[in-house]
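*Asks:* Supplied in structure tokens, the structure appears directly below.
2 protein chains.
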Amino acid sequence: MTDLPAEFQLIARHFRPLAGPGALELRDDAALLTPPPGRQLVLTVDAMVAGVHFLPDDPPDLVGRKLLRVNLSDLAAKGAVPLGYLMTISTPKGTPDAWFAGFAAGLARDQVEYGVTLLGGDTTSTPGPISLSLTIIGHVAPGTAVHRFGASAGDEIWVTGTIGDGALGLAVAQGRLADASGFLLDRYRLPQPRVGLALAGIASAAMDVSDGLVQDLGHICRASGLAAELRPDWVPLSDAARTAGPTWLETCLTGGDDYELLLAVPPNRVDALRTEAARAGITVTRVGHFHSGPAEVMLRLASGESLAVSKGGWSHF
Amino acid sequence: MTDLPAEFQLIARHFRPLAGPGALELRDDAALLTPPPGRQLVLTVDAMVAGVHFLPDDPPDLVGRKLLRVNLSDLAAKGAVPLGYLMTISTPKGTPDAWFAGFAAGLARDQVEYGVTLLGGDTTSTPGPISLSLTIIGHVAPGTAVHRFGASAGDEIWVTGTIGDGALGLAVAQGRLADASGFLLDRYRLPQPRVGLALAGIASAAMDVSDGLVQDLGHICRASGLAAELRPDWVPLSDAARTAGPTWLETCLTGGDDYELLLAVPPNRVDALRTEAARAGITVTRVGHFHSGPAEVMLRLASGESLAVSKGGWSHF
Numbered sequence: 020m021t022d023l024p025a026e027f028q029l030i031a032r033h034f035r036p037l038a039g040p041g042a043l044e045l046r047d048d049a050a051l052l053t054p055p056p057g058r059q060l061v062l063t064v065d066a067m068v069a070g071v072h073f074l075p076d077d078p079p080d081l082v083g084r085k086l087l088r089v090n091l092s093d094l095a096a097k098g099a100v101p102l103g104y105l106m107t108i109s110t111p112k113g114t115p116d117a118w119f120a121g122f123a124a125g126l127a128r129d130q131v132e133y134g135v136t137l138l139g140g141d142t143t144s145t146p147g148p149i150s151l152s153l154t155i156i157g158h159v160a161p162g163t164a165v166h167r168f169g170a171s172a173g174d175e176i177w178v179t180g181t182i183g184d185g186a187l188g189l190a191v192a193q194g195r196l197a198d199a200s201g202f203l204l205d206r207y208r209l210p211q212p213r214v215g216l217a218l219a220g221i222a223s224a225a226m227d228v229s230d231g232l233v234q235d236l237g238h239i240c241r242a243s244g245l246a247a248e249l250r251p252d253w254v255p256l257s258d259a260a261r262t263a264g265p266t267w268l269e270t271c272l273t274g275g276d277d278y279e280l281l282l283a284v285p286p287n288r289v290d291a292l293r294t295e296a297a298r299a300g301i302t303v304t305r306v307g308h309f310h311s312g313p314a315e316v317m318l319r320l321a322s323g324e325s326l327a328v329s330k331g332g333w334s335h336f
Numbered sequence: 020m021t022d023l024p025a026e027f028q029l030i031a032r033h034f035r036p037l038a039g040p041g042a043l044e045l046r047d048d049a050a051l052l053t054p055p056p057g058r059q060l061v062l063t064v065d066a067m068v069a070g071v072h073f074l075p076d077d078p079p080d081l082v083g084r085k086l087l088r089v090n091l092s093d094l095a096a097k098g099a100v101p102l103g104y105l106m107t108i109s110t111p112k113g114t115p116d117a118w119f120a121g122f123a124a125g126l127a128r129d130q131v132e133y134g135v136t137l138l139g140g141d142t143t144s145t146p147g148p149i150s151l152s153l154t155i156i157g158h159v160a161p162g163t164a165v166h167r168f169g170a171s172a173g174d175e176i177w178v179t180g181t182i183g184d185g186a187l188g189l190a191v192a193q194g195r196l197a198d199a200s201g202f203l204l205d206r207y208r209l210p211q212p213r214v215g216l217a218l219a220g221i222a223s224a225a226m227d228v229s230d231g232l233v234q235d236l237g238h239i240c241r242a243s244g245l246a247a248e249l250r251p252d253w254v255p256l257s258d259a260a261r262t263a264g265p266t267w268l269e270t271c272l273t274g275g276d277d278y279e280l281l282l283a284v285p286p287n288r289v290d291a292l293r294t295e296a297a298r299a300g301i302t303v304t305r306v307g308h309f310h311s312g313p314a315e316v317m318l319r320l321a322s323g324e325s326l327a328v329s330k331g332g333w334s335h336f
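Taken in order, these protein sequences are the chains called A and B.
Residue numbering for the first sequence is 20 to 336, as defined by the working numbering.
Residue numbering for the second sequence is 20 to 336, as defined by the working numbering.
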């Protein structure tokens with residue numbers, strides 16, 4: 020009985036070093052968490068499956084970091100401060116130890132960067148592809164979490180960073196697009212969650228852009244009962260995305276995997292947004308506005324022409 | 020943009036009815052949870068993969084209930100009160116709507132039975148088998164959670180319910196054992212988590228029996244730095260397990276999937292255990308004791324003979 024099964028050795032070697040306060044060194048059935056006094060908890064979970072959400076030969080450290088970061092991005096959209104996470108890892112028999120080592124090394128690096136620790140987890144085998152899940156816990160002052168609903172007619176639409184790099188990076192990974200600098204591939208593999216942007220009192224609604232700017236803007240429209248007018252020529256593109264050329268613009272606006280924040284901002288809060296973004300060192304750009312009307316997204320081109328957006332793309336009136 | 024993708028329809032139809040306070044109707048990026056004032060949170064997560072943790076043709080309502088119950092069992096081992104849960108569901112394309120309906124119906128039933136609600140989740144596709152994860156949150160009075168460590172020499176070893184039915188039920192499902200009444204198969208498919216047993220001040224250490232009584236007793240031995248003497252003839256067996264006969268005893272003691280509680284109880288707390296168990300309507304049985312020595316499990320037979328237990332079974336000295 021002093022021999023430990025392989026699963027326990029795996030946990031001890033790779034995951035115990037990630038464990039933080041309350042994790043009981045991952046030796047127990049459950050973790051303990053004393054909530055920060057007077058704060059409200061924010062919880063979210065995402066799954067990632069090899070072949071669906073990442074490529075089977077992606078470097079394992081980047082897989083670990085992406086798993087953590089897509090969840091951090093959801094916390095960022097609430098204006099929440101990250102606290103800790105739990106994780107499940109299902110791997111095919113024969114997954115090399117180096118994969119686990121790389122995966123854990125990526126998590127270790129981002130734990131430091133984002134101030135979170137591992138609270139608990141479960142490792143299992145699977146006859147299928149690597150399947151991961153991560154539940155993250157953050158906190159906000161009670162009642163200050165920003166939602167998808169809450170935008171008003173007249174609120175401006177703002178985004179952080181640049182839009183479309185993730186979708187173009189996937190095209191690079193699939194060999195459909197050149198990327199001399201590696202910038203786009205890096206943006207696809209390693210999102211930059213915009214944690215640290217204090218949204219309370221600034222944004223009337225927010226979400227992170229994971230399904231594509233147009234589709235996610237549609238989510239805010241439906242949740243808030245508003246129409247949106249999006250200005251494609253205002254959407255901030257990286258130099259690499261501009262280099263790809265105008266034929267890729269639709270991919271940029273609908274492709275997903277941006278993990279930038281999409282914000283509804285009342286006009287009288289725009290100065291506060293600019294100040295807070297400057298403090299956090301995050302670029303923000305206005306890309307349109309909300310108005311009364313059926314919950315849908317219209318594209319207003321620089322020419323003045325309007326395009327109605329349908330699922331998966333757009334079409335002329 | 021008013022057409023919702025299939026994923027959102029799936030969530031709306033099957034999972035929104037499970038959403039509780041703070042889940043924001045599953046319409047947002049994250050859930051909100053106001054922790055019960057003055058309580059410590061207890062968190063745990065388990066993954067279940069078709070073909071590993073359940074059989075692909077298991078009824079989906081039982082799969083959902085088992086997923087929830089194995090996590091409730093971990094909370095029970097801490098003496099925690101269940102609060103809510105988050106979940107990920109990765110399914111192959113073409114998984115019939117009836118599977119999701121059944122899965123959600125099972126969860127709905129157990130949500131009522133155990134007083135928990137769904138806080139959030141993520142649904143994805145997978146090229147592999149159905150892969151599930153569930154993170155559950157409960158609470159305890161600060162400092163009262165029971166751990167795997169903490170047992171002392173002289174503490175008695177107690178278990179709830181009957182041991183071995185889960186492992187025998189798996190043998191039934193695999194066609195290796197007859198089960199005229201269906202009792203064993205039911206025990207395998209639908210664990211009975213022992214939530215509601217107030218362990219604080221009674222058990223010096225505890226865990227739930229998921230890997231098998233002998234192996235899990237070994238976990239408490241290692242965590243507490245003690246040896247254990249287990250009395251096989253004292254281990255409580257169901258009528259169905261007794262009917263299977265003595266050749267199945269080793270399976271009962273090492274086979275796992277019991278989801279009963281394994282407790283270390285100081286002799287002067289045994290009366291309190293009996294009183295609390297009677298109050299909760301849960302049977303408890305003494306099966307041995309801890310003593311000083313190397314962290315291992317010895318079986319003491321009724322004949323007085325001792326057996327050393329090795330990984331996966333046991334052997335004579």
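Yeah, the Cβ is synthetic: ideal placement off N, Cα and C, and Gly gets one too.
1. Excluding sequence positions up to five away, which residues of its chain have a Cβ less than 6 angstroms from the Cβ of Ala69/A?
2. Would you please verify whether the beta carbon of Lys97/A is less than 8 angstroms from any beta carbon of chain B?
3. Just to confirm my understanding: we take Asp80/B, look at its own chain, exclude 5 residues before and 5 after, and list those with CB closer than 6 angstroms. What are they?
4. Assign Ser322/B to one of three DSSP states: helix, strand, or coil.
5. Suppose the cutoff is 6 angstroms on Cβ atoms and the five residues either side in sequence are ignored; what does the same chain contact list for Ala219/B look like?
6. Is there a Cβ from chain B that is less than 8 angstroms from the Cβ of Thr136/A?
7. Taking only runs of the beta strand (DSSP E) that begin and end inside the stretch 31-55 of chain A, which ones reach a length of at least 3 residues, in chain order?
8. Pull up the distance between the alpha-carbon of Leu318/A and that of Asp129/A, whole angstroms please.
9. Taking the alpha carbon of Arg46/A as the reference point, which residue from Pro285/B, Gly237/B, Gly274/B has its own alpha carbon closest?
10. Residues bridged to Glu175/B by DSSP?
11. Return the CA-CA distance between Gly264/B and Thr179/B, expressed in angstroms with no decimal places.
12. Going along chain A in order, which residues have a C-beta closer than 8 angstroms to the C-beta of Pro75/B?
13. Could you check whether Gly231/A and Thr273/A sit closer than 8 angstroms to each other, using their CB atoms as the reference points?
14. Under the DSSP definition of a beta bridge, which residues are partnered with Val159/B?
15. Within 10 angstroms of its Cβ, does Thr266/B collect 16 or more other Cβ (buried), or is it exposed?
16. Which residues, in order along the stretch 49-65 of chain B, keep a beta-carbon less than 7 angstroms from a beta-carbon of chain A?
17. If we count the other Cβ atoms within 10 Å of its Cβ and call it buried at 16 or more, is Val131/B buried or exposed?
18. Any idea what DSSP makes of Asp22/A, helix, strand or coil?
19. Hey, how far is the Cα of Phe336/B from the Cα of Leu320/B?
20. At 9 angstroms on the CB atoms, spell out the chain A contacts of Pro146/B, in chain order.
21. From the DSSP output, which residues share a beta bridge with Tyr104/A?
22. Taking 8 angstroms as the threshold (C-beta atoms), are His158/A and Leu60/A in contact?
23. Starting from Leu423/B and walking both ways along the alpha helix (DSSP H), at which residues does that stretch end?
24. My understanding is that Ile301/A touches Val228/A, with C-beta atoms under 8 angstroms, so please give their C-beta distance in whole angstroms.
25. For the stretch 194-206 of chain A and the stretch 240-255 of chain A, state whether three or more C-beta atom pairs, one from each stretch, are separated by less than 8 angstroms.
26. Let me check one thing: in DSSP terms, what residues is Asp227/A bridge-paired to?
27. Does DSSP classify Val289/A as helix, strand or coil?
28. For Phe168/B and Ala225/B, I'd like the C-alpha separation in whole angstroms.
29. Within 8 angstroms (strictly less), CB to CB, does Ser311/A reach chain B?
30. Less than 8 angstroms between C-beta atoms, sequence neighbours within five positions excluded: which residues of the same chain meet that for Val64/B?
31. Would you grab the beta carbon distance between Gly57/A and Thr136/A for me? Rounded to a whole angstrom, and I think it's under 8 angstroms.
32. Which residues in chain A have a C-beta closer than 7 angstroms to the C-beta of Ala17/B? List them in chain order.
33. Between the beta-carbon of Ala50/B and the beta-carbon of Thr107/A, is there less than 8 angstroms?
34. Rounded to the nearest angstrom, what separates Ala186/B and Ala127/B at their Cα positions?
35. Would you mind working out which of Gly173/B, Gly41/B, Tyr104/B, Thr270/B sits nearest Pro161/A, comparing C-alpha positions?
36. Closer than 8 angstroms between beta carbons: that is the criterion. Which residues of the stretch 244-258 of chain A meet it against chain D?
*Replies:* In this structure, then:
1. The residues Pro75, Pro148, Ile149, in chain order, have a CB closer than 6 angstroms to that of Ala69/A in the same chain once the five nearest residues on each side in sequence are set aside.
2. Taking Cβ atoms only, chain B reaches closer than 8 angstroms to Lys97/A, which makes this a yes.
3. Only Gly121, Ala124, Gly125 meet the Cβ criterion.
4. Assigned with DSSP and collapsed to three states, Ser322/B falls in coil, not helix or strand.
5. The residues are Gly98, Thr163.
6. No, Thr136/A lies away from the interface with chain B (no Cβ there is under 8 angstroms from its Cβ).
7. Qualifying beta strand (DSSP E) stretches, in chain order: 50-52.
8. In this structure, the CA atom of Leu318/A is about 37 angstroms from the CA atom of Asp129/A.
9. Distance check between Arg46/A and each of Pro285/B, Gly237/B, Gly274/B places Gly237/B closest, using alpha-carbon atoms only.
10. Glu175/B is bridged to Val284/B, His308/B.
11. Taken atom to atom, the span from the alpha-carbon of Gly264/B to that of Thr179/B is near 21 angstroms.
12. The premise fails here: Pro75/B is roughly 10 angstroms from chain A at the closest Cβ pair, so nothing lies under 8 angstroms.
13. Closer than 8 angstroms, so yes.
14. According to DSSP, Val159/B shares a beta bridge with Gln59/B.
15. Counting Cβ neighbours within 10 Å, Thr266/B comes out exposed, since fewer than 16 surround it.
16. Of all residues in the stretch 49-65 of chain B, Ala49, Ala50, Leu51, Leu52, Thr53, Pro54, Gln59, Leu60, Val61, Leu62, Thr63, Val64, Asp65 have a Cβ within less than 7 angstroms of some Cβ in chain A.
17. Val131/B should be labelled exposed.
18. At Asp22/A the pLDDT is 47, less than 50, meaning the model places this residue with poor confidence and gives no usable figure here.
19. Confidence at Phe336/B is low in this model, with a pLDDT of 32, below 50, so its placement is unreliable and no value can be given for it.
20. Val68, Ala69, Gly70, Val71, Gly147, Pro148, listed in chain order.
21. Tyr104/A pairs with Leu137/A, Ile155/A.
22. In contact: Leu60/A and His158/A (Cβ atoms closer than 8 angstroms).
23. The question about residue 423/B has no answer here: the residues shown for chain B are numbered 20 through 336.
24. The Cβ separation is near 14 angstroms, so there is no contact.
25. In short, these stretches do not touch, since the Cβ pair count stays below three.
26. Its beta-bridge partners are Leu280/A.
27. Residue state, collapsed to three classes: helix.
28. Each residue's Cα considered, the two are about 8 angstroms apart.
29. It does not: the Cβ of Ser311/A has no partner Cβ on chain B nearer than 8 angstroms.
30. For Val64/B, where only same-chain residues beyond five positions count, the Cβ hits under 8 angstroms are Asn90, Ser152, Leu153, Thr154, Ile155.
31. Contact doesn't hold; Cβ gap of about 21 angstroms is too wide.
32. Absent from the structure is residue 17/B, since the part of chain B shown begins at 20 and ends at 336.
33. A distance of 8 angstroms or more separates the beta carbons of Ala50/B and Thr107/A.
34. One C-alpha to the other measures close to 27 angstroms.
35. Minimum Cα-Cα distance from Pro161/A among the listed residues Gly173/B, Gly41/B, Tyr104/B, Thr270/B corresponds to Gly41/B.
36. Of the protein chains in this structure, namely A and B, none is chain D.
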